[in-house]
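For reference, the structure discussed in these notes is given below.
Residue numbers (the working numbering), protein chains in the order written: chain A, 106 to 234; chain B, 11 to 277.
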């Protein structure tokens, strides 16, 4: 029972810190926007939501395991015009994410581009007008 | 007679609530005015703008490997200083800007109103990076910004801001306008002092804005904006925004931006 309570509390704490990090990083200034790193991994969740979308990815850690990252995307309206949809990404999809890392070193990034397993590219914006 | 009056009243009401006009007229009915109604995106916008026309592209395999992106968004923390085109601030307001710059470089969103789901406010609202919808009637023109679902109204019926309005500043301010030929001239007052002129350039509660809005060619709308602020600015600041009108679906449809959804989710 004690162990069970501990697990639940740990899960709640993890959920709380995750959501707090979403709120804390909602502005571009939270990210090193001129640094673009690359991560490959498997989609855990694709949140098509306002004001910004979120792609939760289990990123390969290079040692046979994975670590969860929260990648912040642009607003649904912006991404619709760039060719994304609410269902374009699904749990289990393999993706490569170009992202700018959070300035505070947490496992949160801001998406520059997502490349899907079949080579399709999801950009941040439509071609320049 | 009574019946006739009733019919006339019904006709007047029907005409008053009719869909936005396609051809506006002056009160005298003599001159046809430009119709600004429609959905627009900024020309040469970085980020949220639409393409020149046609449907959004479906994600496709590129013909050859794309070069890796070198940035995710424009640098907006002030770490490279102020642009030569930026408003020239008085020493008092330059200090405020520098304090916000330091906070932003450290990664803080404290100086970012839209990150808190607040309206972008005038005049920064007219960047319209996520698209703009203009709704026009004879007596009022309404500007809608997809970013943060923000709205401003420009009254064209001759009303003026009252003392009560001037005592109640808002993010969009209070705008009145008139036509000078084909140009819509708009004056905006009663603005809150916690919005930004552009980027995170601060201003005082004495800021006022004049705009001259006109079509410079078919479908291309220009807004020449002059910002005056005797406390914050050394001299009035002028900037020009240009927008392209969309011609059909899906690009002439803006999307809902229910900003609080994400904030609520985070709680």
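All C-beta atoms in this analysis are idealised placements derived from N, C-alpha and C, irrespective of residue type, glycine included.
Checking contacts by CB at 8 Å: is residue i closer than that to chain A?
{"i": "residue 183 of chain B", "result": "no"}
{"i": "residue 156 of chain B", "result": "yes"}
{"i": "residue 125 of chain B", "result": "yes"}
{"i": "residue 57 of chain B", "result": "The pLDDT assigned to residue 57 of chain B is 44, lower than 50, so where the model puts this residue is not dependable; a value taken from the coordinates is nonetheless given after this. Yes, contact with chain A."}
{"i": "residue 242 of chain B", "result": "no"}
{"i": "residue 76 of chain B", "result": "yes"}
{"i": "residue 140 of chain B", "result": "yes"}
{"i": "residue 80 of chain B", "result": "yes"}
{"i": "residue 200 of chain B", "result": "no"}
{"i": "residue 61 of chain B", "result": "Summary for residue 61 of chain B: the model assigns pLDDT 47, below 50, so the residue's position carries little reliability; its value from the coordinates is reported in the next sentence. It does: the Cβ of residue 61 of chain B has a partner Cβ on chain A nearer than 8 Å."}
{"i": "residue 264 of chain B", "result": "yes"}
{"i": "residue 258 of chain B", "result": "no"}
{"i": "residue 215 of chain B", "result": "no"}
{"i": "residue 233 of chain B", "result": "no"}
{"i": "residue 108 of chain B", "result": "no"}
{"i": "residue 225 of chain B", "result": "no"}
Looking at residue j and residue i, is the spacing between their C-beta atoms short of 8 Å?
{"i": "residue 135 of chain A", "j": "residue 117 of chain B", "result": "yes"}
{"i": "residue 197 of chain B", "j": "residue 220 of chain B", "result": "yes"}
{"i": "residue 166 of chain B", "j": "residue 139 of chain B", "result": "no"}
{"i": "residue 141 of chain A", "j": "residue 205 of chain A", "result": "yes"}
{"i": "residue 164 of chain B", "j": "residue 151 of chain B", "result": "yes"}
{"i": "residue 153 of chain A", "j": "residue 214 of chain A", "result": "no"}
{"i": "residue 136 of chain B", "j": "residue 273 of chain B", "result": "no"}
{"i": "residue 254 of chain B", "j": "residue 103 of chain B", "result": "no"}
{"i": "residue 159 of chain B", "j": "residue 132 of chain A", "result": "no"}
{"i": "residue 217 of chain A", "j": "residue 183 of chain A", "result": "no"}
{"i": "residue 133 of chain B", "j": "residue 237 of chain B", "result": "yes"}
{"i": "residue 49 of chain B", "j": "residue 256 of chain B", "result": "yes"}
In angstroms, rounded to a whole number, what distance separates the CA positions of residue i and residue j?
{"i": "residue 147 of chain B", "j": "residue 193 of chain B", "result": "16 Å"}
{"i": "residue 145 of chain A", "j": "residue 151 of chain A", "result": "15 Å"}
{"i": "residue 144 of chain B", "j": "residue 212 of chain B", "result": "27 Å"}
{"i": "residue 251 of chain B", "j": "residue 131 of chain B", "result": "16 Å"}
{"i": "residue 101 of chain B", "j": "residue 138 of chain A", "result": "29 Å"}
{"i": "residue 179 of chain B", "j": "residue 171 of chain A", "result": "51 Å"}
{"i": "residue 271 of chain B", "j": "residue 107 of chain B", "result": "30 Å"}
{"i": "residue 221 of chain A", "j": "residue 147 of chain A", "result": "10 Å"}
{"i": "residue 189 of chain B", "j": "residue 195 of chain B", "result": "6 Å"}
{"i": "residue 268 of chain B", "j": "residue 179 of chain A", "result": "14 Å"}
{"i": "residue 125 of chain B", "j": "residue 200 of chain A", "result": "27 Å"}
{"i": "residue 143 of chain A", "j": "residue 203 of chain A", "result": "5 Å"}
{"i": "residue 155 of chain B", "j": "residue 157 of chain A", "result": "16 Å"}
{"i": "residue 96 of chain B", "j": "residue 239 of chain B", "result": "14 Å"}
{"i": "residue 210 of chain A", "j": "residue 198 of chain A", "result": "26 Å"}
{"i": "residue 201 of chain B", "j": "residue 266 of chain B", "result": "25 Å"}
{"i": "residue 173 of chain B", "j": "residue 113 of chain B", "result": "37 Å"}
{"i": "residue 161 of chain B", "j": "residue 199 of chain B", "result": "15 Å"}
Could you check what DSSP says for residue i in three-state terms: helix, strand or coil?
{"i": "residue 108 of chain B", "result": "helix"}
{"i": "residue 52 of chain B", "result": "strand"}
{"i": "residue 200 of chain B", "result": "coil"}
{"i": "residue 103 of chain B", "result": "helix"}
{"i": "residue 221 of chain B", "result": "strand"}
{"i": "residue 173 of chain B", "result": "helix"}
{"i": "residue 235 of chain B", "result": "strand"}
{"i": "residue 273 of chain B", "result": "helix"}
{"i": "residue 229 of chain A", "result": "coil"}
{"i": "residue 135 of chain B", "result": "helix"}
{"i": "residue 141 of chain A", "result": "coil"}
{"i": "residue 150 of chain B", "result": "strand"}
{"i": "residue 113 of chain B", "result": "helix"}
{"i": "residue 157 of chain B", "result": "helix"}
{"i": "residue 195 of chain A", "result": "coil"}
{"i": "residue 64 of chain B", "result": "Residue confidence for residue 64 of chain B is low, a pLDDT of 42 falling below 50, so the modelled location carries little weight and cannot support an answer."}
{"i": "residue 148 of chain A", "result": "strand"}
{"i": "residue 205 of chain B", "result": "coil"}
{"i": "residue 124 of chain B", "result": "helix"}
For the beta strand (DSSP E) containing residue i, list its first residue and its last residue.
{"i": "residue 216 of chain A", "result": "213–221"}
{"i": "residue 254 of chain B", "result": "247–255"}
{"i": "residue 162 of chain B", "result": "160–165"}
{"i": "residue 188 of chain B", "result": "184–190"}
{"i": "residue 203 of chain A", "result": "199–206"}
{"i": "residue 173 of chain A", "result": "171–177"}
{"i": "residue 160 of chain A", "result": "159–165"}
Under 7 Å: does the beta carbon of residue i sit that close to some heavy atom of the ligand FAD?
{"i": "residue 47 of chain B", "result": "In the structure on display, the ligand FAD does not appear, and there are no ligands present to speak of."}
Less than 8 Å between CB atoms is the rule here; does residue i satisfy it with respect to chain B?
{"i": "residue 160 of chain A", "result": "no"}
{"i": "residue 154 of chain A", "result": "yes"}
{"i": "residue 149 of chain A", "result": "no"}
{"i": "residue 139 of chain A", "result": "yes"}
{"i": "residue 194 of chain A", "result": "no"}
{"i": "residue 217 of chain A", "result": "yes"}
{"i": "residue 167 of chain A", "result": "no"}
{"i": "residue 182 of chain A", "result": "yes"}
{"i": "residue 210 of chain A", "result": "no"}
For the alpha helix (DSSP H) containing residue i, name the first residue and the last one.
{"i": "residue 186 of chain A", "result": "181–186"}
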